[in-house]
Amino acid sequence: MSEKIHRPDETFYVAPKEPPASRRPPALTIGPVGWLRKNLFSGVGNTLMTGITISLIVAFLYELITWSIVKADWNVVNNTMRLMMVGLYPIDQIWRIQLIAVLLVFLSGLGVGVWGGNARGFFIISLIIIIAALIIPLGAERIEPPSIRFIVTSTDPNGPILFVGDEGDTVGLTVEPIDDNAVAKQESPFTGFIENSAGASSSRALWNNAKAQVVAGKLDLSQYNLQMTVQLLDSKGKVLDESLSTPAHRVVNFEFKLPANGWYIVQVLRDDTGDAIFSSVDGLQLPVAAARALPNTGFAWVRIDGVNAMSAQQADVEQRTKTYGGLPTIQCPSTAECRRQLLEENVRYEGSRTFKAFLKTQLDPFLAEIIQALIVGFVVMLVAYSLGNFAKQSRNPASKKLVSRAAIIGWVIFFPLSWMLLSGFKNATTLHPFLELPQVAQSLWGGLILTIVLTFVSLTFAFPIGILLALGRRSKLPIISLFCVLFIEIVRGVPLITILFMAKFIVPYFAKSLSDTELLIRLLVGLTLFTAAYNAEVVRGGLQIIPKGQIEAAQALGLNPFATNVFIVLPQALRAVIPAIMSQSVSLFKDTTLVSIVGLFEFLGMIELIVNGQQVYRPYQREAYLFIGVIYFIISYIMSSLSRRLEESGAGTVRKMRKA
Amino acid sequence: MSEQSNSNGSGYIIECQDVNKWYGEFHVLKDINVKVKEREVVVVIGPSGSGKSTLIRCINRLEEHQEGNIIVDGIELSNDLKNINLIRRETGMVFQSFNLFPHLTVMQNITLAQRYVRRRPRRDAEDMARQLLQRVGIPEQANKYPGQLSGGQQQRVAIARALAMQPKIMLFDEPTSALDPEMIKEVLDVMKELARSGMTMLVVTHEMGFAREVADRVIFMDSGRIVEIGTPEHFFENPNHERTKLFLSQIL
Ligand SMILES: Nc1ncnc2c1ncn2[C@@H]1O[C@H](COP(=O)(O)OP(=O)(O)OP(=O)(O)O)[C@@H](O)[C@H]1O
Ligand SMILES: [Mg+2]
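If you read the protein sequences in the order shown, they are chains A and B. Count along the first sequence starting at 1, add 674, and that's the number in the numbering used here. Count along the second sequence starting at 1, add 11, and that's the number in the numbering used here.
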């Protein structure tokens, strides 16, 4: 650079011969780092907001996930899957629902194949498959309840405990001494605690009390000095097996194979004396356990494995009495203690578990339940996708057209076909043998499948009705437009629940002939009209954005009003309101929960029935509601993604045109 | 196109007799009397707001007139829907803002009405569309969407769309005013070719060159009434009316 460089502020400036080489922008302003700096940390306030928001999100997610893994018991979801998904739909007819699910997956796969799909398309399809797999209750894997424990204290032997067992079951009994003060600070492992209505004497209450005392320094758990015999008795009171736990030989652990169906009793006998225990063999007294120096102190868990808690419901009790006989009479300190049955309501599952245990006890059964369906679903999807894609890639445009048309026809007949499959025919046997589908009463439908039926049936009908109402509202004939306005405004002015109550109670009162129609149909009509009124307003908004010139051009070509609407106005108007219609649909999907108030048990209603009606699941409302929240979210997400796809697709849309 | 007219023997394909129209209180058309012969090209000019668009929109009933008679191809325009549809089939219209259907391809734009109104089989309709696109000079654009075409191309598609119905009359409402200068020529060329082929045309335009070259007669309108009708020579060289002179002095 031997040339003299002129500075711009001088009165005379000539640029150097060579323009300066292009440099890269400063490293911190480009790429992900640049994005972060620009969008998240661009100022003190912004950085602070980012920090607070991120930490809130992280904290929330951390709590939620650790709770789900460590503490939550998902048996309420797993063990009631079929009820939640299909309600009381007869088990031997469930293949129909499976067929519908397979068709759904097939058509989705075909659609993505022939109309082209991106990564998001596949993601959506996977979600569809998961939902479909959930609806198909192929397996019925139950989450095994964890072992059940009760506490033995220096003063309270806390037994005997009655349960039923089948021949060949293996029952394990284990004494777990609590002789380390550190245990008081740990969380209990995830197990079931035997509770008692007596409250204070319940295992968990006793143990919590002891823990508090240890923490307060009033109790020393290492002063363990319990000596006891754990026994398994049959219903006659005969000892089947027993084992002695002494301060020197604390952990005992034995298993026993039950000889027959019937009642069994676990009982703990305590040796409260300080003496050594002898057992006599051939007249000789041999010491089994040494004499104790300290008084009888300490806590121990007695763990029972391989035994299920029993239902307390009337029908189950009767059934039990029939199979296993009546409650055995046994000798025990007080009658209240004697009647301690291993009922579901007496057991609380609590504590925390490791991730491994979560996988094994919670996730495994869940996966086992849906894995077959998932595999079938993915295979069907892949087959359909390849078929569609093959047609799309093929040189012959006719084959693409054929498959694409087949897919459209498939979707069109899918909905009525599903309805037919679900409900069956009234006089099934008189029809063609191939069509022998016995009717399944609509009152048996329930769970997620009912939610889906409610949503899609009312959407399907509400859409055309909404369009007609919107066109009617703009009609030049005052009577028609008045009728439409009245209908729309009245329906929109009334809460949905009112309409559902009317469908349930008022319609049969005024029109006797309608009282025979199934409740489901009446509610469907209510939902349809409700949605139609809202759709009408949305569609009207779309009609208003169509320029007048479009209609004039159509008229000038001689198209009549019907053709003008069908070919010119509606295609453009509807395309413009897809997002609004779709959000309408998603909100309808969520609003269907209201039908549970008038007596149909759709997804949410079914869950409420389960967690409120069955004692054993009552403590697991959180798990249940979290689960359905996730499912509702997934389906809503699928719906809104589809709408976005619909918006973007379709050549020659108003939108695309603007882009081009 | 046959020489024989099926009109009522008067030889006129459009007749307006004492047509009056109001928008509410506003008197837009005042005692309009016009007769257009078959194969005639009539250009309507006049200042903005004088009622030119309203007049030609009355002829295919996009606007309703309140008094007087309009007879098109022997059919009287009344509230009878059948007559309206008959007349709309015989008249094609080209708008200032093209009004192509944005959601349909060029091909579909041209074939839709043929198939639905004329009930032509798809193949015939498409053949017709291809011929017309050839005629207006854009045969290669058949599968594009209107949004992908230039303004001049769009207007030519619009003309093809109107012609596809094989109308006896073509109405043009300022077909070139929304176009850039270099596109105006391509549209005017198509219109000139159309005029030469013997189409009856009623054209509202500000293109005086076109009027001079193609028009058989020129109508000058002002404030809702017809001020002067004459041949282009008469009209541009020595107009009679003061209003016409003023108008011409402003635009030429
Ligand atoms: N729908 C309507 N309602 C009320 N007045 C109208 C309506 N349409 C047009 N007019 C009025 O009628 C008059 C004639 O309108 P028209 O569109 O026929 O004028 P024009 O001669 O075509 O003008 P331009 O050259 O600007 O297109 C104008 O004053 C206009 O304001
Ligand atoms: Mg005008």
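C-beta atoms are modelled at their ideal positions from N, C-alpha and C, and glycine is treated no differently.
With a cutoff of 8 Å, D91 (chain B) does not count as near ligand 2, since its C-beta is closer than that to no heavy atom of the ligand.
If you look at V1269 (chain A), you'll find it isn't in any beta strand (DSSP E); DSSP assigns it neither H nor E. Between the C-alpha atoms of Q1246 (chain A) and T1202 (chain A) there is a straight-line separation of about 24 Å. Interface annotation, G705 (chain A): not in contact with chain B, CB-CB separation never under 9 Å. Within chain B, the residues placing a beta-carbon under 7 Å from that of A1237 (chain A) are Y127, ordered along the chain.
Contact annotation: in the region 109–127 of chain B, residues whose CB is within less than 7 Å of a CB in chain A are N110, F112, P113, H114, L115, T116, L123, A124, Y127.
The region 1166–1173 of chain A and the region 1123–1134 of chain A do not touch, with fewer than three beta-carbon pairs separated by less than 8 Å.
Nearest in C-alpha terms to F1161 (chain A), of all of A:E1192, A:F1204, A:T1125, A:I1195, is A:F1204. Within the DSSP secondary-structure output, P961 (chain A) pairs in a beta bridge with A:F952. Beta-bridge pairing by DSSP links Y938 (chain A) to A:F837, A:D908. Between Q159 (chain B) and V198 (chain B), the gap from beta carbon to beta carbon reaches 9 Å or more.
The Cβ atoms of I121 (chain B) and R172 (chain B) sit closer than 9 Å to each other. Using a C-beta cut-off of 8 Å, the region 80–99 of chain B makes no contact with the region 108–127 of chain B, since fewer than three inter-stretch Cβ pairs fall below that distance. In this structure, the alpha-carbon of P933 (chain A) lies about 15 Å from that of V981 (chain A). Of the heavy atoms belonging to ligand 2, none sits nearer than 8 Å to the Cβ of Q166 (chain B). Under DSSP, Y898 (chain A) shares a beta bridge with no residue. Of all residues in the region 1298–1312 of chain A, none has a C-beta nearer than 9 Å to a C-beta of chain B. Using a Cβ-Cβ cut-off of 9 Å, G85 (chain B) does not count as an interface residue toward chain A, since no Cβ of chain A sits closer than that to its own.
Contact between the region 854–861 of chain A and the region 785–795 of chain A is absent: fewer than 3 CB-CB pairs across the two stretches fall below 8 Å. For the options B:G85, B:V117, B:I70, B:R50, the alpha carbon positioned closest to that of R207 (chain B) is the one of B:R50. For the region 725–786 of chain A, the full-length alpha helix (DSSP H) segments reaching 4 residues or more read 749–753, 755–760 along the chain. At least 9 Å separates the CB of P1071 (chain A) from every CB of chain B. Residue burial annotation: G891 (chain A) is exposed, with fewer than 16 other C-beta atoms found within 10 angstroms of its C-beta.
Apart from the 5 residues on each side of it in sequence, L1217 (chain A) sits with its Cβ closer than 7 Å to the Cβ of A1144, R1148, V1243, A1247 in its chain, given in chain order. As the crow flies, the alpha-carbon of L259 (chain B) is around 40 Å from that of L92 (chain B). Beta-bridge pairing by DSSP links Y127 (chain B) to no other residue. G103 (chain B) has a beta carbon lying within less than 9 Å of a beta carbon in chain A. In the same chain as I1139 (chain A), and ignoring 5 residues on each side of it, the C-beta atoms closer than 6 Å to its own belong to A1206, in chain order. Inter-segment contact for the region 1041–1058 of chain A and the region 886–904 of chain A is absent: fewer than three beta-carbon pairs are separated by less than 8 Å. With a contact defined as Cβ atoms closer than 8 Å, T1035 (chain A) and P820 (chain A) qualify at about 7 Å. Rounded to whole angstroms, the separation of the alpha carbons of V225 (chain B) and D29 (chain B) is 27 Å.
Here L773 (chain A) is not near L1061 (chain A), since their CB atoms are 9 Å or more apart. Annotation for P243 (chain B): the continuous alpha helix (DSSP H) segment containing it runs 243–248. Taking 9 Å as the cut-off, the Cβ atoms of T255 (chain B) and F221 (chain B) do not count as close. The beta-carbon of F258 (chain B) is placed no less than 9 Å from the nearest beta-carbon of chain A. About 11 Å separates the beta carbons of I56 (chain B) and I237 (chain B), which is beyond the 8 Å limit, so they are not a contact pair.
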